[in-house]
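Heads up: the structure comes next, in structure tokens.
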Amino acid sequence: MRFGIHSMVWVGDWSEASARFAIESSAKAGYDLIELSAMDPSVFDVEMTARLLAENGLGATASLGLDAATDVSSEDEEIVAVGRRRLFDALHLVRDVGGDMLCGVIFSALRKYDEPATERGVAHSQAVIADLADEAAASGIRLGLEFCNRYETNILNTTEQTLAYIDQVGRDNVLAHLDTYHMHIEERSMRDPVLAAARAGRLGYVHVGESHRGPLGTGNVRWDEFLPALTEAGYDGVVTFESFSSEVVHPALSSTLAIWRNLWSDNHELARHARDFLADRLER
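Residue 188 in UniProt numbering sits at position 188 of the sequence shown, with consecutive numbering throughout.
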């Protein structure tokens, strides 16, 4: 099992100074990898990022959420085409920095929808994910579908929905990306979905985030159900800590996720606490 940390615990941009701070801080806090926020893959200096990762012995994954202009679940084929290009750019970022996982809300926009998903929109989404998975497989990269709460997507809100969607896509490297923040809202159990995804052979990536997006163990997530379930399932993949505060602002993601409050100010203490919290409760 590897422990990761989301880059927005440290920084909201990806200049060389910010990248160095985020990567060095992640390594010093004892993490194995950093999850890059690839909302706009074009802002990344890939060579610089790969060099800093290598210098610090840190791995990387990348995640993103699409927006209305890049929504691959849209009925508008031009919007789907733009979203497809965004996803392939993010995939190439993962490949070029030596990562092996692209995850997040890559199957729809990360936003509040005004109506249910349409059959045509879901078909568009699945077709793009299938093509993305085929190219990802050539580089040994897996895709993690992060199902989210009903206020952030109308496609996938639960583990059960995600497993059914993955079956329809029919690619071995497309996996379920579980996130405790969203599960806390949508699932009836914090244990059963973990075991269901594992039984299906689709438990591929994990985000650990508190119910209020702040420090682990200070909200309402049932950690005594979720974390032992990972051990019970024999999960040996990545567990990435994700937390957001108005202390660190990303121009797009902070607003999309409604990060209006300052839930912490000392990101070094936050990161160390999360690392210790996980290490104390998970077998490595």
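Glycine included, every Cβ here is placed at the ideal spot set by N, Cα and C. Quick caveat: nothing in here was measured; it's all calculated off a predicted structure.
- When the alpha-carbon of Arg202 is set against those of Val221, Gly219 and Ala164, the nearest one is in Ala164.
- Spanning the alpha carbons of Arg84 and Glu55 requires a straight line of approximately 32 Å.
- The three-state secondary structure of Thr61, taken from DSSP, is strand.
- Taking one beta carbon from each stretch, the stretch 191-206 and the stretch 222-230 have 3 or more pairs nearer than 8 Å; the two touch.
- Counting other Cβ atoms within 10 Å of its Cβ, Asn220 stays below 16 and is therefore classed as exposed.
- Gly121 is the residue among Lys112, His92 and Gly121 whose C-alpha sits nearest the C-alpha of Ile79.
- Comparing alpha-carbon positions, the option among Glu135, Ala27, Arg2 and Asp71 lying closest to Thr153 turns out to be Asp71.
- The stretch 89-98 and the stretch 135-148 touch, with no fewer than 3 CB-CB distances between them shorter than 8 Å.
- The three-state secondary structure of Ile129, taken from DSSP, is helix.
- Look at the beta carbons and you see the stretch 182-191 not touching the stretch 240-259: under three pairs across the two are nearer than 8 Å.
- Burial state of Pro41 is buried, judged by a 10 Å Cβ sphere holding 16 or more other Cβ atoms.
- The alpha-carbon separation between Leu257 and Lys112 amounts to approximately 10 Å.
- Nearest Cα to Glu186 within the set Ser265, Val82 and Ser211: Ser211.
- In the DSSP assignment, Phe107 forms no beta bridge with any residue.
- With fewer than three CB-CB distances shorter than 8 Å, the stretch 272-282 does not count as touching the stretch 34-48.
- The beta carbons of Ala60 and Leu53 sit about 6 Å from each other, so the pair counts as a contact at 8 Å.
- 9 Å or more divides the Cβ of His184 from the Cβ of Ser25.
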